[in-house]
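Novice: In our numbering, the protein residues as written are 127 to 520.
Note that CB positions come from ideal geometry on N, CA and C, so glycine has one too.
For clarity, every value in this text was computed on a predicted model and none was experimentally measured.
Next up is a structure, given as structure tokens.
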Ligand SMILES: *Cc1c(COP(=O)(O)O)cnc(C)c1O
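Following this line, the structure appears as structure tokens:
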């Protein structure tokens, strides 16, 4: 890399850079660091060698993140026609994509097939029947449910077939002429420990070999889903440590089984920060209330929907700090980000930064009260062109 290139590298999370980007693009901002996306991808690759990583677009459906994952040799996990269209517009090879929504309209299946995506997920007989007209091209992963009441979001409650009913479902697929490519599961996002993954891998290994013995389909793929945890206000185990028992469980699978995973949060979460500005302030009951231009109806929607607590800080530093309240911009009383944060005295225009805000934040933001969603700016777009910035317009 030439020295001039190197000097143009943006460390987007340095206070000076944050101020510069807000100066250029306004506030509120979501700053996505593609270099960090690549690093997260590589760390997970190292923790799960031999596992093909399909980035799940749901937590942050941004072209720059998709591009960074693909440049690292990654794959994609799509769930809606909107996501299918996003990657189609980018010219992504559909063979790199799977469609993993367990419940689909016929149009969802047709739209994905039209774009060349062929692998789908199903978890019940009615869903399998939808594939009969497309049995020549489409194939399915059968999603198995493993309940995890401990997970922050237990995705096996809403979706998945009981392990006990799985072989009957696979027989149904054979009778309908629908090809079963393999099995999938998702133990729930931000998993507290790898125990559920291990239990699910071991159960799926038994089910896959039973299904192969009965010749119920190729059954040569196991999709271990997402759920890989990251640091928030409280920290998570390192990914290498978290994945160690998962590696051990996967090592016992037959070599011909292709293993894939669908990480979303792990790739996107740490790769972005949210930046909001103080719009105004008021002294109420002995405390400063600072009203920001982003809140629970915006990027901080993850506090409600995803139960996340983001590490927050003020860019202004000061020796004297006192308990304060950070509120969102809307006229709704629940729109309060935190009621107890130590801050120096702030004024209009001062910036508040939330870390680890890439996943399930901007993606679930609304424009309630007509406060616009944060502008998404991605930096360090490719390893060879580190200084450039892309703005996502909607
Ligand atoms: C949301 C989702 C993911 C991503 O999960 P993370 O916990 O963010 O890694 C993967 N696969 C499916 C089917 C999902 O619904």
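In the DSSP assignment, what are the bridge partners of residue 180?
Specialist: Here residue 180 is taken as the residue at index 54 of the chain shown, counted from 1. 201, per the DSSP bridge assignment.
Novice: Tell me residue 516's beta-bridge partners as DSSP assigns them.
Specialist: Along the chain shown, read from residue 1 onward, the residue named residue 516 stands at position 390. 504, per the DSSP bridge assignment.
Novice: Cα separation between residue 205 and residue 146?
Specialist: Taking the chain shown and counting its residues from 1, one reaches residue 205 at position 79. Taking the chain shown and counting its residues from 1, one reaches residue 146 at position 20. Near 36 Å, if we compare the C-alpha coordinates of residue 146 and residue 205.
Novice: Quick one: does the C-beta of residue 234 sit closer than 7 Å to a heavy atom of ligand 1?
Specialist: Indexing the chain shown from 1 puts residue 234 at position 108. No; taking the cut-off as 7 Å, the Cβ of residue 234 has no heavy atom of ligand 1 nearer than that.
Novice: Based on DSSP bridge pairs, tell me the residues matched to residue 416.
Specialist: Taking the chain shown and counting its residues from 1, the one referred to as residue 416 is at position 290. BP columns for residue 416 point to 407 and 452.
Novice: With a Cβ-Cβ cutoff of 8 Å, do residue 486 and residue 187 count as a contact?
Specialist: Here residue 486 corresponds to residue number 360 of the chain shown, with the count starting at 1. Here residue 187 corresponds to residue number 61 of the chain shown, with the count starting at 1. Cβ atoms of residue 486 and residue 187: not closer than 8 Å.
Novice: Rounded to whole angstroms, what's the CA-CA distance from residue 363 to residue 355? Just pull it up for me.
Specialist: As a working mapping, residue 363 is identified with position 237 in the chain shown. As a working mapping, residue 355 is identified with position 229 in the chain shown. Approximately 8 Å, taken between the alpha carbons.
Novice: Distance check for residue 161 and residue 127, CA to CA, integer angstroms please.
Specialist: Counted from its first residue, the chain shown places residue 127 at position 1. Counted from its first residue, the chain shown places residue 161 at position 35. Only weak support is given to the placement of residue 127: the predicted model assigns it a pLDDT of 37, under 50, and the question is left unresolved by the model.
Novice: Determine the burial state of residue 307: buried for a count of at least 16 other Cβ atoms within 10 Å of its Cβ, exposed for fewer.
Specialist: Numbered from its first residue, the chain shown carries residue 307 at position 181. So residue 307 counts as buried.
Novice: Taking the alpha carbon of residue 461 as the point to measure from, which residue in 376, 172, 429 and 471 has its own alpha carbon closest?
Specialist: Taking the chain shown and counting its residues from 1, one reaches residue 461 at position 335. Among 376, 172, 429 and 471, the Cα nearest to that of residue 461 is on 429.
Novice: Are the CB atoms of residue 228 and residue 245 nearer to each other than 8 Å?
Specialist: As a first step, residue 228 is located in the chain shown; it is residue number 102 there, counting from the start. As a first step, residue 245 is located in the chain shown; it is residue number 119 there, counting from the start. Not closer than 8 Å, so no.
Novice: Our contact map puts residue 157 next to residue 399 with C-beta atoms below 8 Å; I'd like the distance itself, whole angstroms only.
Specialist: Numbered from 1 along the chain shown, position 31 holds the residue referred to as residue 157. Numbered from 1 along the chain shown, position 273 holds the residue referred to as residue 399. 5 Å between Cβ atoms; contact.
Novice: What do you get for residue 408, buried or exposed, if any count of 16 or more other CB atoms within 10 angstroms of its CB means buried?
Specialist: Mapped onto the chain shown, residue 408 falls at position 282. Its Cβ having fewer than 16 others within 10 Å, residue 408 is exposed.
Novice: Please state the DSSP three-state secondary structure of residue 387.
Specialist: The residue you call residue 387 lines up with position 261 of the chain shown. Of the three classes helix, strand and coil, the one that applies to residue 387 here is strand, per DSSP.
Novice: Is the beta carbon of residue 319 within less than 7 Å of some heavy atom of ligand 1?
Specialist: Reading the chain shown from its first residue, position 193 is the one you call residue 319. Checking every heavy atom of ligand 1 against the Cβ of residue 319, none is found closer than 7 Å.
Novice: Going by beta carbon distance, what residues of the same chain come within less than 8 Å of residue 218, once the five residues before and after it are set aside?
Specialist: Walking along the chain shown from the start, residue 218 turns up at place 92. Taken in chain order, the residues that qualify are 192, 196 and 202.
Novice: Can you list the alpha helix (DSSP H) stretches of 4 or more residues lying completely in the region 424-490, in chain order?
Specialist: 428-431
Novice: Cβ-heavy atom distance between residue 249 and ligand 1 below 7 Å?
Specialist: Numbered from 1 along the chain shown, position 123 holds the residue referred to as residue 249. Result no, Cβ not under 7 Å from ligand 1.
Novice: Measuring from the CB of residue 396, is there a heavy atom of ligand 1 at a distance below 7 Å?
Specialist: In the chain shown, residue 396 corresponds to position 270, counting from 1. False, no ligand heavy atom lies under 7 Å from that Cβ.
Novice: Quick one: is residue 466 buried, meaning 16 or more other Cβ sit within 10 Å of its Cβ, or exposed?
Specialist: To locate residue 466, count along the chain shown from 1; it is residue 340. With fewer than 16 other Cβ atoms within 10 Å, it is exposed.
Novice: Looking at ligand 1, does it come within less than 7 Å of residue 391, judged from the CB to the closest heavy atom?
Specialist: Looking up residue 391 in the chain shown gives position 265. Residue 391: yes, Cβ under 7 Å from ligand 1.
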